[in-house]
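> In the working numbering, the protein residues as written are 107 to 278.
Would you mind keeping the following structure in view while I ask a few things?
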Amino acid sequence: KGGNMNDKYSRQTFSEWLALTEAGKNAAKVKWIKKQDEWKGNFVINNIEYNIHVYTDEIVPNFEVWEFKFYKDNKTTKITGDFAAHFILVPTIKNAFEDFVKEKQPDAVLFLAADSSKSRKSLYKSNSDAVASKYNYFSINPMLPKNNILFGVCKEDYMVDTVKKLIKRSYI
107 KGGNMNDKYS
117 RQTFSEWLAL
127 TEAGKNAAKV
137 KWIKKQDEWK
147 GNFVINNIEY
157 NIHVYTDEIV
167 PNFEVWEFKF
177 YKDNKTTKIT
187 GDFAAHFILV
197 PTIKNAFEDF
207 VKEKQPDAVL
217 FLAADSSKSR
227 KSLYKSNSDA
237 VASKYNYFSI
247 NPMLPKNNIL
257 FGVCKEDYMV
267 DTVKKLIKRS
277 YI
């Protein structure tokens with residue numbers, strides 16, 4: 107509001123805002139291989155391959171807890187690269203997470219933010235809150251050691267505490 111578009115900072119801020127508002131429209135198409143206890147997906151942005159791996163281990167009988175992970179070049183969870191790629195990567199991961207919850211309707215699905223980025227953690231929280239609200243789940247985001255936070259959704263409110271205990275036992 108009231109910015110001078112001739113000012114370099116105002117033009118950059120406006121460009122970033124415009125890219126963010128258009129980001130959801132620019133998501134890459136994920137190609138999935140779906141199995142009963144595992145989904146694998148891949149997509150390409152700027153000639154770089156990204157992979158998604160969603161899997162379950164029967165931690166609690168009759169209660170499926172899935173873990174959602176994504177990688178760059180099937181190796182690293184440190185997703186870095188050019189700034190513009192993030193405007194495709196972020197909505198692609200969000201859409202993949204939402205598509206999984208919508209189709210599979212798991213009891214719980216979780217993903218880890220294992221770095222110090224406050225903005226990434228805020229984005230993950232926002233995404234899990236949105237998916238939880240849209241599909242009638244409860245959002246989970248317990249703090250773990252080393253400033254790591256686990257995010258996700260869980261079907262039943264009474265199960266949230268059970269999931270948090272399992273998470274802490276598994277990640278400590």
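By construction, the Cβ of each residue, glycine as well, lies at the ideal position given by its N, Cα and C atoms.
As the structure is a prediction and not an experimental result, all values here were calculated from the model.
(1) Ordered along the chain, which non-local residues of its own chain (more than five positions away) have a Cβ less than 6 Å from that of ASN201?
(2) Taking 7 Å as the limit between beta carbons, can you name the residues of its chain near ILE199, skipping five residues before and five after?
(3) For CYS260, which three-state DSSP category applies?
(4) Going by DSSP in three states, VAL196 sits in which element: helix, strand or coil?
(5) Give every residue of the same chain whose Cβ lies closer than 6 Å to the Cβ of PHE169, excluding the five residues on either side of it in the sequence, and list them in chain order.
(6) Throw me the rounded Cβ distance for the TYR241 and VAL215 pair, which I believe falls under 8 Å.
(7) Alpha carbon to alpha carbon, how far is GLU155 from TYR292? Give it in angstroms, no decimals.
(8) How long is the line joining the alpha carbons of PHE203 and PHE174, rounded to whole angstroms?
(9) Grab me the residues of ASN152's own chain with a C-beta within less than 6 Å of its C-beta, minus the 5 sequence neighbours each way, in chain order.
(10) Look up LYS135 in the DSSP assignment and say whether it is helix, strand or coil.
(11) Going by DSSP, which residues form a beta bridge with SER245?
(12) Flag LEU216 as yes when its Cβ comes closer than 7 Å to any non-hydrogen atom of the ligand GTP, and as no otherwise.
(13) Do you know offhand how far ASN247's Cα is from HIS159's?
(14) How big is the Cα-Cα spacing for GLU144 and THR162?
(15) Please report the distance separating the alpha-carbon of SER245 from that of TRP172.
(16) Whole angstroms is fine: what's the gap from ILE278's alpha carbon to LYS231's?
(17) Quick one: Cα of SER239 to Cα of GLN211, how far?
Let's see:
(1) Correct list, in chain order: ALA133.
(2) Non-local C-beta neighbours of ILE199 in its own chain, meaning closer than 7 Å and more than five positions away in sequence, comprise PHE176, ordered along the chain.
(3) strand
(4) helix
(5) Excluding sequence neighbours, PHE169 sits near ASP213.
(6) Between VAL215 and TYR241 the Cβ distance is about 11 Å, and since that is not below 8 Å, they are no contact.
(7) Only positions 107 to 278 of the chain appear in the structure, and residue 292 is not among them; the question remains open.
(8) 8 Å
(9) ALA191
(10) coil
(11) VAL259
(12) Of the ligands one can find in the structure shown there are none, so the ligand GTP has no counterpart to examine.
(13) 20 Å
(14) 7 Å
(15) 14 Å
(16) No answer about ILE278 holds up, because its pLDDT of 43 lies below 50 and its placement is not dependable.
(17) 14 Å
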